[in-house]
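Asks: Each step along the sequence shown adds one to the number in this note's numbering, with nothing skipped, and position 52 is 117.
For every residue, glycine included, the Cβ atom is placed at its ideal position computed from N, Cα and C.
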Amino acid sequence: MEQIPTVQSTSGLLRTIRQINGVLRPLNFMEERNRKYGDFYQITFKNAPPTVMTSNPQAIEDIFTASPDTFEVGKGNQGLNFLVGDNSLLLLDGKVHKNRRRLLMPSFHGESLQECSHKIVSITRKVCDGWQLNESFKVRPYMQEITLRVILNVVFGIDSGEKYERLRVLLTKLLETFNNPLSSLLIFFPTLRKDWGKFSPWGRFLLLKEEIRKLIYQEIKERRDLLASGKSERRDIFSLLLLAKDENGKGMTDEELHDELITLLFAGHETTASGLAWLFYWIHSLPEVQEKLRFELDSLGANPDYREINNLPYLDAVISETLRIYPIAAGTFGRILTKPMSVMGYDFDPKTWLMISIYSLHHREDLYPNSKQFKPERFLQTSYSPYEYIPFGGGNRRCLGSALALLEMKLVTATVLPRFQLELTSKRPMLPVRRGLTLAPPASFKMVVKNKIT
Ligand code: HEM
66 MEQIPTVQST SGLLRTIRQI NGVLRPLNFM EERNRKYGDF YQITFKNAPP
116 TVMTSNPQAI EDIFTASPDT FEVGKGNQGL NFLVGDNSLL LLDGKVHKNR
166 RRLLMPSFHG ESLQECSHKI VSITRKVCDG WQLNESFKVR PYMQEITLRV
216 ILNVVFGIDS GEKYERLRVL LTKLLETFNN PLSSLLIFFP TLRKDWGKFS
266 PWGRFLLLKE EIRKLIYQEI KERRDLLASG KSERRDIFSL LLLAKDENGK
316 GMTDEELHDE LITLLFAGHE TTASGLAWLF YWIHSLPEVQ EKLRFELDSL
366 GANPDYREIN NLPYLDAVIS ETLRIYPIAA GTFGRILTKP MSVMGYDFDP
416 KTWLMISIYS LHHREDLYPN SKQFKPERFL QTSYSPYEYI PFGGGNRRCL
466 GSALALLEMK LVTATVLPRF QLELTSKRPM LPVRRGLTLA PPASFKMVVK
516 NKIT
């Protein structure tokens, strides 16, 4: 058997420079590596186990279909605790992770989604009402407002009131800390996190985080009191978590509740906002795509049911292509082996990190010919396996909110397109930039309203 291509890790300054390059220019970085080493290679370190990087569908199948106890993923995500706390689903492994997922899953599927579809449409209408004829606007803040309002509604079951507004504003401000490539370095290089008071990025982040924490703890107390008095009939995720008991009959602590709520709020809106911004970019940069989409939406007539919109094949293909060409997460979570494992016939020892590059997989020419071209038709002609197309990852860590994200993208498009004719303010091709852990359209992305049907 051939030797697996190996990159020797450097140390010191050179390593830091490479890491910064990987954070700031992730796509070039991945493309260069793939050109040099192929779709399955390892990086070896002097005093640590190797990291395997792959974008090979067979390797991805091996990883996604392995028993969940083969990996520790939560351990690999420890670096996110500064944002989501130690008790977040993202940081859990084993039985606790499995039970927490089982508890949350129904809220993001089936009937629960149906219930929130009306809310998505009304929130979209309300947020986009502010767009004025012939005025240009930055796309991201609007998309972010829609997705944040939706997730607050799904998680807290509320969408108005003073406390809700404060939480909404604070969460938006907090995430602004990482809204550009340079400030995103704070996530990857903890040594940069210096609290020099409220005018320093990290100091400001800590203050905002504390304010949010207080607000959520206050809400937890009020909800617990309401529950104790038997007056709560809410069916939101918050209530679900408040009522949940483990096998010993023990409920979640305030800290556990806080961390899970924060996780869902963050994971549930930043990513979808980026997806929506890309979707609007592609629809408006390619007239033939927009034309086909409008034709398909028109065929539904006035006031279509959300299920009809959800089942539109071309809309679905446009969204799939949007999440293929520039996946919001360039890679999945890292998987750390807990026991020996064979991937593509190569044996790896415990503690080896397995990393999957979503971006590289989505640009394999054997799967996606002319991969840099936006062609929704590929999804109408080919049915890709869950190891060939993975915008939401896979296996037992597959994104919990994928169905909600896709539904939001569809309903927002179906609500905005018939009411507005929009245009891009620049014809220059747009490339992804680093935004925190994810890749997003540049914050400067703008559109202008050419026609508005009221
Ligand atoms: C377009 C939007 C979204 C994208 C592209 C996306 C992508 C991802 C990816 C790639 C992962 C890691 C999967 C893996 O390592 O195998 C993930 C995990 C996760 N996502 Fe999403 N996501 C999106 C929206 C959402 C929404 C709306 C929610 C709602 C709460 C959500 C909640 C989560 C959670 C909780 C996890 C962790 C799952 C676990 O560790 O078991 N995401 N997502």
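1) Check each candidate in Pro483, Val88, Arg190 and Leu198 and name the one with the smallest Cα separation from leucine 358.
2) Taking the DSSP output, what are the residues bridged to glutamate 488?
3) Looking at proline 415 and threonine 397, is the spacing between their C-beta atoms short of 9 Å?
4) Give me the Cα-Cα distance between glycine 466 and glycine 333, rounded to the nearest whole angstrom.
5) Is any non-hydrogen atom of the ligand HEM found closer than 8 Å to the C-beta of isoleucine 401, if you look at the structure I gave you?
6) Shorter than 8 Å, the distance from the beta carbon of threonine 130 to the closest heavy atom of the ligand HEM, or not?
7) Whole angstroms is fine: what's the gap from phenylalanine 485's alpha carbon to lysine 515's?
8) Can you say whether proline 456 is buried or exposed, counting buried as having 16 or more other CB atoms within 10 angstroms of its CB?
9) Can you tell me whether serine 201 is helix, strand or coil according to DSSP?
10) Check whether the Cβ of phenylalanine 345 sits closer than 8 Å to any heavy atom of the ligand HEM, and report yes or no.
11) Could you tell me whether any non-hydrogen atom of the ligand HEM is closer than 8 Å to the CB of alanine 470?
12) Take lysine 475 as the anchor and find which of Cys464, Ile518, Thr417 and Glu373 has the nearest alpha-carbon.
13) How long is the line joining the alpha carbons of lysine 140 and asparagine 164, rounded to whole angstroms?
14) Since methionine 95 is in the alpha helix (DSSP H), which residue starts that stretch and which ends it?
15) Say whether the segment 383-394 touches the segment 501-517, bearing in mind that this needs 3 or more beta-carbon pairs closer than 8 Å, one atom from each stretch.
16) Given that a residue counts as buried once 16 or more other Cβ atoms are within 10 Å of its Cβ, and exposed if not, what is leucine 344?
17) Out of Leu271, Leu307 and Gly295, state which residue places its alpha-carbon closest to the alpha-carbon of glutamate 284.
18) Do valine 117 and the ligand HEM come close, with the Cβ less than 8 Å from some heavy atom?
19) Are the CB atoms of valine 117 and isoleucine 69 nearer to each other than 9 Å?
20) Within 10 angstroms of its Cβ, does alanine 293 collect 16 or more other Cβ (buried), or is it exposed?
21) Return yes when at least one heavy atom of the ligand HEM lies under 8 Å from the C-beta of arginine 500, else no.
22) Verify the contact flag: histidine 162, CB atom, against every heavy atom of the ligand HEM, threshold strictly below 8 Å.
23) Since glutamate 473 contacts threonine 212 with CB under 8 Å, what's their CB separation in whole angstroms?
24) What does the Cβ neighbour count give for isoleucine 384, buried or exposed, with the cut at 16 atoms within 10 Å?
25) To the nearest angstrom, how far is it from the Cα of isoleucine 223 to the Cα of phenylalanine 202?
26) Please confirm whether any heavy atom of the ligand HEM lies closer than 8 Å to the CB of glycine 222.
27) Nearest to asparagine 375 by CA position, among Ser182, Glu312 and Lys111, is which residue?
28) Is the segment 120-133 touching the segment 405-421 in the sense that three or more CB pairs, one from each, lie closer than 8 Å?
29) The beta strand (DSSP E) that contains serine 407, what's its start and end?
30) What is the rounded straight-line gap between the Cα of glycine 295 and the Cα of leucine 322?
31) Nearest-angstrom Cα distance between phenylalanine 360 and threonine 480?
32) Terminal residues of the continuous beta strand (DSSP E) containing alanine 505?
33) At a cut-off of 8 Å, is histidine 427 close to the ligand HEM when judged by its beta-carbon and the heavy atoms of the ligand?
34) Count the C-beta pairs between the segment 143-162 and the segment 427-441 that are closer than 8 Å, then say yes if the count reaches three, no if not.
35) For serine 422 versus asparagine 86, is the C-beta distance shorter than 9 Å?
36) In angstroms, rounded to a whole number, what distance separates the CA positions of proline 551 and valine 234?
Replies: Per the coordinate set shown:
1) Pro483
2) Val513
3) no
4) 7 Å
5) no
6) no
7) 7 Å
8) buried
9) strand
10) no
11) yes
12) Glu373
13) 17 Å
14) 91-102
15) yes
16) buried
17) Leu307
18) no
19) yes
20) exposed
21) no
22) yes
23) 6 Å
24) buried
25) 28 Å
26) no
27) Ser182
28) yes
29) 406-408
30) 20 Å
31) 14 Å
32) 503-505
33) no
34) no
35) no
36) No information on residue 551 is available, as it lies outside the stretch 66 to 519 that the chain covers here.
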